[in-house]
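Colleague: Residue numbers (full-length UniProt numbering): 1 to 271. Note that CB positions come from ideal geometry on N, CA and C, so glycine has one too. Treat the numbers as computed from the prediction; the structure is a model and nothing was measured. Structure below; questions to follow.
See below:
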């Protein structure tokens, strides 16, 4: 492996560094038509089927590769000051790519991670600030080819896997513009809840199974967890049903993800 595994501390550090990007988020952007459009778009998001998810979960070499690739994505995303949505989307690309790979292929962690991040940046970042491929860290590049050409070739492979469907709804679209304003009414806590919710959402990167749930489910569970770590299932259901868009929300999955995220963040400090 080219890199050590990414750590929980790295995820937290990246989240805190980008939290200020969303300070200007419009908490009043709660139009129900907007949310219905998002719900419909997330349903159209291609997800890993059960076998593809198992391919990643059950293969130790893929798990190690994935962890090291996320380490690279977090560090490089922070270096380029990419949006948190860009980083999350690049891991979606990574998972879909890894689900189609087989052992024995000579893949460079840095090249694949850089290709995923570069593609996500082209979708989400300003073209005026996009780094060139030569700026992506490629220390100790071992393949007998130009790393820039290798990244470009890998981008083409990823696009084929994605079938050129590069636009994905992420949990941030739901929580920043809807769930936070509906669940959190205390102005004094909004900045904290925003940052904490983002940290919890980013923790999902560590679990490919959680990433396969709908973004609205992850966003609702993460926001509710940031607000209160002691909710019963009945309380979770009641809060979810109070939303105007509850008909689109998979409430049972929100409850499941709430408790999985609580377990995933059991050593996190809440207030």
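CB residue 253 to CB residue 48, shorter than 8 Å?
Modeller: Cβ atoms of residue 253 and residue 48: not closer than 8 Å.
Colleague: Determine whether the beta carbon atoms of residue 120 and residue 89 lie at a separation below 8 Å.
Modeller: In contact: residue 120 and residue 89 (Cβ atoms closer than 8 Å).
Colleague: Can you give me the Cβ contacts of residue 158 inside the same chain, cut-off strictly under 7 Å, excluding the 5 residues immediately before and after it?
Modeller: Within the same chain, residue 158 has close Cβ partners 93, 97, 115, 116, 119.
Colleague: What alpha helix (DSSP H) runs, 4 residues minimum, are completely inside the segment 63-135?
Modeller: Within the segment 63-135, the complete alpha helix (DSSP H) runs of at least 4 residues are 84-98, 109-124.
Colleague: Near residue 242, what residues of its chain come up, given a Cβ to Cβ distance below 8 Å and the 5 sequence neighbours on each side ignored?
Modeller: Here the set comprises 182.
Colleague: Are residue 216 and residue 174 closer than 8 Å when you measure CB to CB?
Modeller: Yes, they are a contact pair.
Colleague: Taking only three categories from DSSP, how would you classify residue 36?
Modeller: Helix.
Colleague: If we call anything under 8 Å between Cβ atoms a contact, is residue 99 one with residue 55?
Modeller: Yes. Within cutoff.
Colleague: What does a CB cutoff of less than 6 Å around residue 255 pick up in its chain, not counting 5 residues either side in sequence?
Modeller: Here the set comprises 233, 236.
Colleague: Starting from the Cα of residue 52, find the closest Cα among 258, 161, 194, 263 and give me that residue.
Modeller: Among 258, 161, 194, 263, the Cα nearest to that of residue 52 is on 161.
Colleague: Among 37, 172, 72, which residue has its Cα nearest to the Cα of residue 85?
Modeller: Of the listed residues, the one whose Cα sits closest to residue 85 is 172.
Colleague: Measuring straight from C-alpha to C-alpha, what distance separates residue 69 and residue 77?
Modeller: About 12 Å.
Colleague: Is it buried or exposed, residue 151, if we count other Cβ atoms within 10 angstroms and call 16 or more buried?
Modeller: The residue in question, residue 151, is buried, as its Cβ has 16 or more Cβ neighbours within 10 Å.
Colleague: Restricting to Cα atoms, I'd like to know which of 267, 80, 73 is closest to residue 87.
Modeller: Cα-wise, what sits closest to residue 87 is 73.
Colleague: Can you give the Cα-Cα distance for residue 67 and residue 57, rounded to whole angstroms?
Modeller: The straight-line gap from Cα to Cα measures roughly 12 Å.
Colleague: For residue 208, I'd like the list of residues in its chain whose CB is within less than 8 Å of its CB, leaving aside the five on either flank, ordered along the chain.
Modeller: 48, 53, 56, 57, 66, 95, listed in sequence order.
Colleague: Roughly how many whole angstroms lie between the Cα atoms of residue 220 and residue 146?
Modeller: Distance between the alpha carbons of residue 220 and residue 146: 44 Å.
Colleague: Looking only at C-alpha atoms, which of 195, 180, 167 sits nearest to residue 45?
Modeller: With distances taken between Cα atoms, residue 45 lies closest to 167.
Colleague: Under three-state DSSP, which class holds residue 186?
Modeller: Correct three-state label for residue 186: coil.
Colleague: My output table needs one value for residue 236: the three-state DSSP class, helix, strand or coil.
Modeller: DSSP places residue 236 in helix when its eight states are reduced to three.
Colleague: What did DSSP end up calling residue 197 once you bin it into helix, strand or coil?
Modeller: Helix at residue 197.
Colleague: Classify residue 252 as helix, strand or coil using the three-state DSSP reduction.
Modeller: Residue state, collapsed to three classes: helix.
Colleague: Put residue 180 into one of helix, strand or coil per three-state DSSP.
Modeller: In the structure shown, residue 180 sits in a helix (DSSP, three-state: H, G or I).
Colleague: What residue range is occupied by the uninterrupted alpha helix (DSSP H) comprising residue 55?
Modeller: It spans 50-58 - the alpha helix (DSSP H) in which residue 55 sits, taken as one unbroken run.
Colleague: Ordered along the chain, which non-local residues of its own chain (more than five positions away) have a Cβ less than 6 Å from that of residue 101?
Modeller: None.
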